[in-house]
Structure formats: structure tokens, C-alpha cells
Amino acid sequence: MSDYTPRPEHKFTFGLWTVGNPGRDPFGEPTREAVNPADSVRKLGALGAYGVNFHDDDLVPFGASSQERERIIKEFHSALDESGVKVPMATTNLFTQPIFKDGGFTSSDPKVRAFAVQKAMRGMELGKEFGAETYVFWGGREGSEVDASKNPLDPLKWFREALDFLNAWQMEQGFGYRFALEPKPNEPRGDIYLATTGNMLAFIETLAHPENVGLNPEFAHDTMAGLNFVHQVAQAMDAGKLFHIDLNGQKPGRFDQDLRFGQEDQKTNFFLVKLLEDNGYDNPRHFDAHALRTSNAGDVWEFAKGCMRTYLILKEKAQRFNEDAEIQGIIQELNGDTQSLVGAYSKEGADKLMAQKFDVAALTNRPLPYESWINSSSSCCWACVRPVNHRGTEARRHRER
Ligand code: DIG
Ligand code: MN
Ligand code: MN
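FYI, this note's numbering numbers position 242 of the sequence shown as 226, with every residue one higher than the one before it.
Now the structure itself:
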């Protein structure tokens, strides 16, 4: 029997806002009691999680007194020390308070923009209090419903100004943060600026210090945009910018469901885990997901266990995929010719390429046995990719194979 027990070395992390989500939604009141951040830390530690992340307001409520802030910080430190749970990432809530109703960094009001930058500075100080190394920026309110309201170039200019200021400041403070920008196409705004991983990658290169600014792509967000999330993550990885990742479940064409990792598109989840593990991704596997509103307090921790267990099952399936002789035989047939006939430019290479003769008919008719895959004895690998243990005859068939 495989061991799907999460351990800190797996680097699974959860936001306080995930396991602490009280079940409120736009159409309904909370279905669960609020969870004390220190209790979340202890329970996540007991489940084998590596870390916990927070928005500033998740830990220290907006407007809390300095005495309350000190008490909370002391209690949180104790829980972290007792459990060994780390704080790899922190971020700022620039989306709940009404002041940000028309944006924080991209508000048309310069005082609101300045207040948002100040709040982010204080959030960075709080994150550094607990050793956070990555600072995420998700612009939940950085968008519009009325494009007549502002020149679309201004929000980009204002967002850049905020990030360049905050990066220069945190460098001067010696915080050593890496910034991870998180795209989303819409919700809660009608449209959100810098909507996808590709938009963010291009935007990063316009910043004063792009070197320590990368991506925090989220499974649900690029999926909402109708994109192949694995391809998005691969491009961030190719650019050396996959600083963090938000894992969850999502049906295409729906609002941001933030479902348990593996609850929906397990095939894409499989290829995502395969991409991360095959390429040595070594940053946190962050579950930015919520238990269903129907879950009671106990079921929330089953949700947390399910996120981590799914990842470990898919990680094992990816290893089996890579070791399966029949699957690798098909891949060899498809991709066996690994040479490059173009390569780095040279005059000789160009002359040779111009003179080369190609057998277009043969190249056109080369077999691409994608369909044969499903009929191979390994085809049940798609079945056994499902993050569940097979029962009865299916289990025996898998064991005997
Ligand atoms: C939403 O997907 C956002 C917020 O939860 C948070 O700012 C960020 C970090 O995971 N994801
Ligand atoms: Mn989301
Ligand atoms: Mn997220």
C-alpha cells in the first residue's frame, strides 16, 4: 500500500483564509464558526503541512488596536514554534475593505493608491515578522466594470508605480522578498487587469527590478479564462518565474470555485503535478482552496487532507507514467528524434538549411498513434490516475499488471 501521508518535506501550504473560511458566499451567510489562526496552525501541523500563509487582515483584523496586534502576534508565534509550521508567503488584503471598491493600486484616487501602498508596506513588515520569503500580489479589485471611467493605460502605470516603490522599499529594508504576481481574468471585478499568466509575464519585464518579480499562477484563474493551466505554468517555469503556485479545483466557465485540489479536472491536475515534479519545482505547493460551504468544521480538515493526499497520489501516478515501458515506448515513437536541425544561428547552418531536401510526403504520413494509447494494456493508467484507490477487481487487475 502506497504511503500518501503528507510530510513537511512535501512543502504543502494553506492560507489562513482557506481552512478558516467560514462558508460565506455572495448569496449566503457563514455556515461555520470562525477559526482562530493559532488553532489552524496546530491542526495543519498535525496533518503534516509545511506551512501557512496569510493576508495581513487574516491574522491582525483591519483596525485592530496595537495591544490586540501584539497579543495576536505573540499567540501566532507560539503556535508556529510548537508545531514547526513555517510561514513561506504573506500577502495584503486590498480587496475586502470598501475603500478599495474601485481598486487599490489602480484606484483613480491617488490617496487610495497611497493608502494601498502603505497597507502593503505594513503587510510586508508583518510577513517578515514570521520569516515570509515570498510576497504575493493578487489584484482582486484592480479592474473595472466601466471602461469609460479611466484610460486603460493608467492602471498599468499605477500598478507599476506601486510595485516599483514597494520593491525598492523592501530592498532598502533588507527584507529580501521575491514578489509573486497572481493573475485572474475577472471576479470580484467585472474585468481584472493583467488577466492571465501571459499578461503578467510581459508586465514583469516593464518593472524597474524584474529580477525578483515572478508569478503565483492559480489553477482556477487561468482555467476560468478557458486556458490550459499546464501550458501557462510551463511558460512561467520556462521564464524562471514560477516563484509560487496556487492549487485548487475548477470547472471551466464557472465563477472562481476554489475547490479541493483534484475535485474536478483530474487529468489536468495529473499533468500539472507531472510538470512540477518532472522539472524539480521546489517552491511551496499552496492550496488556495476552500472546503464546500456544506462542510462542517470536521469536514474542513478532511478537505485539507484531501488536497495533500490527491497531490501525493498524482505524484505517484506521474512516477508510474514515467516508468511504464509501454507508455514510454509510445512516447519514444512520437518524440524519438530529439536532434535540432536548426539550432543556434550560423552562416554555415543557414546555407546548409537552405540546401536541405525534405521528403514532405514521408513527413506528412509519419504515424502519430495518439488514439492507440487508450487501447494499450496501460490505458487504465488514465483510470488509475484517478486519485482514489481502486477497490475489488480493479485493484487486483492493477496489482497483477
Ligand atoms: C485569490 O486567489 C488570492 C487571494 O486568496 C490571495 O491574495 C492569493 C494568494 O494565494 N490568492
Ligand atoms: Mn481563486
Ligand atoms: Mn489564489
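All C-beta atoms, glycine included, are put in the ideal place defined by N, C-alpha and C.
8 Å contact criterion, which residue i and residue j should meet: CB distance rounded
i: V25; j: A63; result: 4 Å
i: F254; j: K301; result: 6 Å
i: V69; j: L28; result: 6 Å
i: F89; j: A146; result: 4 Å
i: M386; j: Q154; result: Lying outside -15 to 385, the shown extent of the chain, residue 386 is not represented and no answer is given.
i: D206; j: F213; result: 5 Å
i: L211; j: T190; result: Actually they are not in contact, since the Cβ atoms of L211 and T190 sit about 22 Å apart, beyond 8 Å.
i: E59; j: A22; result: 5 Å
i: L110; j: A132; result: Wrong, their Cβ atoms sit about 38 Å apart, outside the cutoff.
i: Y265; j: L226; result: 7 Å
i: G32; j: M292; result: 7 Å
i: V217; j: P201; result: 6 Å
i: Y177; j: P139; result: 5 Å
i: H270; j: L231; result: 6 Å
i: S128; j: G174; result: 7 Å
i: V3; j: A204; result: Their Cβ separation, rounded to whole angstroms, is 17 Å, which puts V3 and A204 out of contact at 8 Å.
i: D240; j: E171; result: 5 Å
i: E117; j: Y161; result: 7 Å
i: G224; j: E248; result: About 29 Å separates the two Cβ atoms, so there is no contact after all.
i: L337; j: V344; result: About 15 Å; that fails the 8 Å criterion.
Sheet register partners of residue i (DSSP bridge)
i: K70; result: G35
i: D9; result: G12
i: F166; result: It is Glu, not Phe, that sits at residue 166 in the sequence shown. E166 is bridged to W122.
i: G(-1); result: N37
i: T75; result: H39 and V120
### Message
With three or more beta-carbon pairs closer than 8 Å as the criterion, would you say the region 113 to 132 touches the region 73 to 86?
### Response
Three or more Cβ pairs closer than 8 Å define a contact, and the region 113 to 132 meets that threshold against the region 73 to 86.
### Any heavy atom of ligand 2 nearer than 6 Å to the CB - residues listed
That query returns the following residues: E202, A204, H205, D240, D242 and D272.
### Query
Going along the chain, which unbroken runs of the beta strand (DSSP E) with 3 or more residues stay wholly within the region 87 to 164?
For the region 87 to 164, whole beta strand (DSSP E) runs of length 3 or above, ordered along the chain, are 118 to 122.
### At least 3 beta-carbon pairs within less than 8 Å: the region 6 to 17 vs the region 311 to 327
By the C-beta criterion, the region 6 to 17 is judged not to be in contact with the region 311 to 327, since fewer than 3 inter-stretch pairs fall below 8 Å.
### Within the region 237 to 274, ranges of the alpha helix (DSSP H) (whole runs, at least 4 residues)
As far as the region 237 to 274 is concerned, its whole alpha helix (DSSP H) runs of at least 4 residues are 250 to 262.
### Query
Which full runs of the beta strand (DSSP E) of 3+ residues lie inside the region 173 to 233, going along the chain?
Fully enclosed beta strand (DSSP E) runs of 3 or longer: 197 to 199 and 229 to 231.
### Query
Looking at C-beta atoms only, is the number of pairs between the region 33 to 47 and the region -10 to 8 that lie closer than 8 Å three or more?
Flag = yes, the region 33 to 47 and the region -10 to 8 touch.
#### Entry: Continuous alpha helix (DSSP H) assignments of at least 4 residues falling wholly in the region 293 to 333
With a minimum length of 4 residues, the continuous alpha helix (DSSP H) runs that stay inside the region 293 to 333 are 309 to 319.
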